[in-house]
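Every position in the sequence shown, counted from 1, becomes a number in this note's numbering once 340 is added. Note that CB positions come from ideal geometry on N, CA and C, so glycine has one too. Working notes for the structure below.
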Amino acid sequence: MKLLDYFKNQRLNFNYLLFLWVSIHLILWFKIGPKEGADTSFYISIADNILNGKWLFDRSLWYSSYGLFISIFRFFTEDISPIILGQLFINLLSGYCFYQLLIDRTQKEYIAFLGTATYLFFPISIEWHYIVYGESFFTSFTILFFYCYIKKIHRIALPLLFFTFFIRPIGIIFLSALIISKIYFLYKNEINYRRTILVGSSLIFFFLLCVINKMLQFYGPLMIDGYLNAEIIYPKHTLGISPLENPYLPSNQENIIIQILLTFFGNFGYMVKLMVIKSLLFWGNMKPYYSFTHNLIIAFTLYPLYFLLIKNNFNKDHWTFISTSSLLYILFQGGVISLTSENWDGRFLYPLIPFLIYLSTNSSIKKPVLKKSKQA
């Protein structure tokens, strides 16, 4: 509490964070440096295809915004350092936008300072800025979108959302959370137009279902294969879980969504077991092959966010479009991981970190209190 009181009494603004950010990343640039991951060649191939005028409509489509970003730098050089510098700049820009989001939510500068510092320097996520992977880029753009939304810069917000959707396949999760949240508040507030809202919502959900069906043409068979092999952590880590000897398998002639549903309900107990284990690994983020120190850092930095999120969000009057969208996005991402696989490096949790931080802060919105009139 004394430490928190200290921050309360300081005049803190984003300039201090800017200095801290530059100092830390100067050190990390020489300590970590630009790196390639297992999927980097895939992203670079998308960028090269774009530069060669070949815009592919296979699974590359769902990464095309990130490929477009990389292609800007590939036009001038094959060195990956400029790509990483671009990711770092966008991360810094998102930090400023996140600071403004927290100011808008809490009206407290010291909370905005602490929350943004937590986002920018979160231990389990800071390394991803230095790898040619889409997690850092995608996370930054989700924050940029919300900033444009609260500032009512709609001419930028909508194209930004479209661009964000195509950075990574989880763009469909983010978009779904936004749409459901928006529909909820429209239905709640626009009483005279509820029938129109319901009809429009049905059309939107049908569109989302078509997009999901298209995405699952590639990912669906991989999901079913993962179920058959008891894959808990990608790639092919079972953690000692034995696959079913005689699993129920639907015909591969069925629609892929139907195949997944039939596989799930046809092997219900087994599937629930896999989902629970994958969910615990995802939310816990610890892994049996991480070092003790690594797991300890996760426990001391991630778990307090969960505690504060639960503690500070019981008041229903504090829920806004952004906070509701954030919660849905967090829950949907967790649900998708439980149906697919947790990644060996735990990076699927990183895009949720700023939203966990956002919801862990206390909203300044207060329910109006009616004053009692004086009796004569």
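Per the Cβ contact rule, the region 675-685 is not in contact with the region 523-530 (fewer than 3 Cβ pairs under 8 angstroms).
If you ignore the 5 residues before and after Arg534, its C-beta comes within less than 8 angstroms of the C-beta of Tyr527, all in its own chain and listed in chain order. The alpha-carbon of Gly609 is positioned some 22 angstroms away from that of Phe672. For Tyr690, no alpha helix (DSSP H) run applies, since DSSP gives it neither H nor E. Following the DSSP letters along the chain, one finds His634 inside the alpha helix (DSSP H) bounded by residues 632-641.
If you keep only unbroken alpha helix (DSSP H) runs of at least 4 residues inside the region 360-440, you get 380-391, 404-414. Taking the C-beta atoms as reference points, Leu620 is found no nearer than 9 angstroms to Ser700. Counting C-beta pairs closer than 8 angstroms gives fewer than three between the region 431-440 and the region 386-404, which falls short of the contact rule.
Our two residues, Leu357 and Met615, have alpha carbons roughly 39 angstroms apart in a direct line. Taking Pro587 as the centre and dropping the five residues before and after it, the same chain places the C-beta of Leu568, Asn607 closer than 7 angstroms to its C-beta, in chain order. Ala570: not part of any alpha helix (DSSP H); DSSP gives it neither H nor E.
Cβ neighbours of Gly373 within its own chain (closer than 8 angstroms, five residues either side excluded): Tyr470. Burial is judged here by how many other beta carbons sit within 10 angstroms of a residue's own beta carbon; Thr479 has at least 16 and is buried. Around the beta-carbon of Leu579, fewer than 16 other beta-carbon atoms lie within 10 Å, marking it exposed.
Boundaries cannot be given for Trp684, as no alpha helix (DSSP H) includes it and DSSP labels it neither H nor E. The DSSP-derived three-state label of Ile510 is coil.
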